[in-house]
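Heads up, the thing below is written out as structure tokens.
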Amino acid sequence: MMLDKIILAILVSSMAFFSVYITTPFLIKVLEKRNLTVKDYNRVGGAMVPRPGGPSILVGIFASELTLYAFFSFSSVEILAIIITTSIAFVVGLIDDCKVLGGWFKPVALAISAIPIILLGAYNPHLSFPLFGFVRIPELYIALIIFMIPVTGNTINSIDVLNGVASRFMIITSFALTASLFIIHNYDIALASLPLGFVSLAFYKYHKFPSRIFPGDSGALTLGAMYGALAIVGHVEIIAAVALLPAVINSFLFLSSVKRIIEHRQIKSNPVTHTDDFKLMATTDEEAPITLVRLILAGGPMTEKQVGFVIFRLAIFSAVLAIVTAFMMGVKI
Amino acid sequence: MKEIQIFLFIFVMWILIIVGGGLLVSIVAPMTINGYGKLGSILDSGVKALIAMILVVVWIFTLSKIKNWIFHKQIKN
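If you read the protein sequences in the order shown, they are chains A and B.
Numbered per the numbering used here, the first sequence spans residues 1007 to 1339.
Numbered per the numbering used here, the second sequence spans residues 83 to 159.
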């Protein structure tokens, strides 16, 4: 039985990884041919980079999760909920990639993408906390589901500001989530969570500095919504929130400085500028929002790669805290 | 040094999550409101939801204060 699951884990991980690894170069060519590119403002000369990479990310998720759903009967409702929620989030992101929409569009549309989880009943209305046990909150949990998908989707989207940061961040957080699911003995959802990490890993190959493709809203929202859906169906909401803390801080700093929900493209003052040698530097403009990158750069100018590495260390730290939290779930005081 | 302060902020957030969860599980959840007939269970859930929301607001307020305290110099920069 255990050997079956190990073989299955290798199969879905390989499918997720190679689907993205193989389809992304084709997607890059198609996007370049159709002139679907955006300027990379942080690169010397401002190279044009293809966007969005969401379609290849979705292909990887579909290939692996549908294999789990079609050929293996375990947790089929949960896997179906993950697939539908992630697909709706992808469509929301794709619409936002193609058209400039208001700041409220994404949170509301992502809240709708959470509805399949509720309709399919792929949740358990218990919220588990480390050391203290759990609370049963049937009505409140529905609100939590509707709240959680927009939060995880937008949080990953908001950290997609530098080459490779969002995909690398997702590699670390999703593998921390998988490890946590194994620690709390939720093996089925742990298997279903593996594709998220491997899809992110394959996409990172093309997204890392200097990026050959950007995920766009369709890519970032797909990754974020899948992460949120896994947290709900796997009953690891608190652990998932802990692993996501650096991105949560970014959203928290942003919202507490602009004091309203707006799109990044609606910001008039950029939180980051460039030095003469094209390093990133925190702006002195008081009107500019406070972000995680601006805080990191408050210590002095850095290259894009160096900032990415600081975020990487923060993600590792949060991942360790998430895994510690998972172990603490088994301890009651 | 600046990086350490961000690590510290993440650690404080983690502690607040655990403490907040502890308050919910050990104090708010066991509370019961009786003596209101059929309305009792609705009132019970409503009061617990309200306390949970107040805790979230307090959590955000506390984080905001800690953020200002930890990052005061950086934000001024």
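The beta carbon of each residue, even a glycine, is placed where N, CA and C say it ideally should be.
Listed by chain order, chain A residues near residue i by CB distance under 9 angstroms
i	result
residue 89 of chain B	1319, 1320 and 1323
residue 151 of chain B	Going along chain A, no residue has its Cβ under 9 angstroms from residue 151 of chain B, so there is no contact; the nearest lies around 14 angstroms.
residue 113 of chain B	Those within 9 angstroms of residue 113 of chain B in chain A number zero; the least Cβ separation is about 11 angstroms.
N- and C-terminal bounds of the beta strand (DSSP E) containing residue i
i	result
residue 1308 of chain A	Looking at the DSSP string, residue 1308 of chain A is not in any beta strand (DSSP E), and its letter there is neither H nor E.
residue 1139 of chain A	1139-1142
residue 1288 of chain A	1286-1288
residue 1135 of chain A	1132-1135
residue 1337 of chain A	Neither: residue 1337 of chain A is in no beta strand (DSSP E) and is coded neither H nor E.
residue 1278 of chain A	1278-1280
Chain-ordered neighbours of residue i on chain A, where CB pairs are closer than 8 angstroms
i	result
residue 104 of chain B	1135, 1137 and 1138
residue 92 of chain B	1251, 1252, 1255, 1320, 1323, 1324 and 1327
Distance between beta carbons of residue j and residue i, contact taken as under 8 angstroms
i	j	result
residue 1231 of chain A	residue 1155 of chain A	5 angstroms
residue 1248 of chain A	residue 96 of chain B	6 angstroms
residue 1296 of chain A	residue 1277 of chain A	7 angstroms
residue 1284 of chain A	residue 1065 of chain A	Their Cβ separation, rounded to whole angstroms, is 35 angstroms, which puts residue 1284 of chain A and residue 1065 of chain A out of contact at 8 angstroms.
residue 1175 of chain A	residue 1321 of chain A	5 angstroms
residue 1201 of chain A	residue 1071 of chain A	6 angstroms
residue 1139 of chain A	residue 1338 of chain A	6 angstroms
residue 1198 of chain A	residue 1088 of chain A	6 angstroms
residue 105 of chain B	residue 132 of chain B	Actually they are not in contact, since the Cβ atoms of residue 105 of chain B and residue 132 of chain B sit about 14 angstroms apart, beyond 8 angstroms.
residue 1033 of chain A	residue 1062 of chain A	5 angstroms
residue 1159 of chain A	residue 1116 of chain A	5 angstroms
residue 1207 of chain A	residue 1024 of chain A	Going by Cβ atoms, the distance from residue 1207 of chain A to residue 1024 of chain A rounds to 11 angstroms, so no, they are not a contact pair.
Exposure label - residue i; buried when at least 16 CB within 10 Å
i	result
residue 1333 of chain A	exposed
residue 1325 of chain A	buried
residue 149 of chain B	buried
residue 135 of chain B	exposed
residue 1162 of chain A	buried
residue 1191 of chain A	exposed
residue 1166 of chain A	buried
residue 1220 of chain A	buried
residue 1244 of chain A	buried
residue 83 of chain B	Any reading at residue 83 of chain B must be qualified, since the residue scores a pLDDT of 46, below 50, and its modelled position is unreliable; no value is offered.
residue 1013 of chain A	exposed
residue 1313 of chain A	buried
residue 160 of chain B	Lying before the first or after the last residue shown, residue 160 of chain B is absent from chain B, which here runs from 83 to 159.
residue 1203 of chain A	buried
residue 1290 of chain A	exposed
residue 1112 of chain A	buried
residue 1282 of chain A	exposed
residue 1047 of chain A	exposed
residue 1252 of chain A	buried
residue 1319 of chain A	exposed
residue 1058 of chain A	buried
residue 1147 of chain A	buried
residue 1233 of chain A	buried
residue 113 of chain B	exposed
residue 1008 of chain A	exposed
residue 1102 of chain A	buried
residue 991 of chain A	Coverage of chain A is limited to positions 1007 through 1339, which leaves residue 991 of chain A absent and any answer about it impossible.
residue 1041 of chain A	exposed
Cross-chain neighbours of residue i in chain B, by beta carbon under 8 angstroms
i	result
residue 1247 of chain A	99
residue 1145 of chain A	127 and 131
residue 1141 of chain A	106, 107, 110 and 111
residue 1244 of chain A	99 and 103
Beta-carbon neighbours of residue i, restricted to chain B and to distances below 9 angstroms
i	result
residue 1284 of chain A	Going along chain B, no residue has its Cβ under 9 angstroms from residue 1284 of chain A, so there is no contact; the nearest lies around 20 angstroms.
residue 1262 of chain A	142, 145, 146 and 149
residue 1278 of chain A	Chain B residues near residue 1278 of chain A: none, gap ~13 angstroms exceeds 9 angstroms.
residue 1078 of chain A	Simply none; closest approach about 34 angstroms.
The alpha helix (DSSP H) enclosing residue i, as first and last residue numbers
i	result
residue 1262 of chain A	1251-1264
residue 1083 of chain A	1082-1104
residue 1299 of chain A	1298-1303
residue 1239 of chain A	1222-1239
residue 1195 of chain A	1193-1213
residue 1111 of chain A	1111-1119
Neighbour list for residue i in chain A, Cβ cutoff strictly below 7 angstroms
i	result
residue 108 of chain B	1138
Residue i beta carbon near the ligand ZN (any heavy atom closer than 8 angstroms)
i	result
residue 96 of chain B	With respect to small molecules bound, the structure shown includes none, and the ligand ZN cannot be examined in it.
Cross-chain neighbours of residue i in chain B, by beta carbon under 7 angstroms
i	result
residue 1316 of chain A	85
residue 1220 of chain A	What residue 1220 of chain A touches in chain B: nothing, since even the nearest Cβ is about 25 angstroms away.
Residue ranges of each beta strand (DSSP E) run of no fewer than 3 residues wholly in the segment 1036-1060 of chain A, ordered along the chain? Taking only runs of at least 3 residues, the beta strand (DSSP E) segments lying wholly in the segment 1036-1060 of chain A are 1043-1045 and 1054-1056.
Report the start-end ranges of each beta strand (DSSP E) in the segment 1166-1190 of chain A that is 3 residues or longer and not cut off at the edges. The segment 1166-1190 of chain A contains no whole beta strand (DSSP E) run of 3 or more residues.
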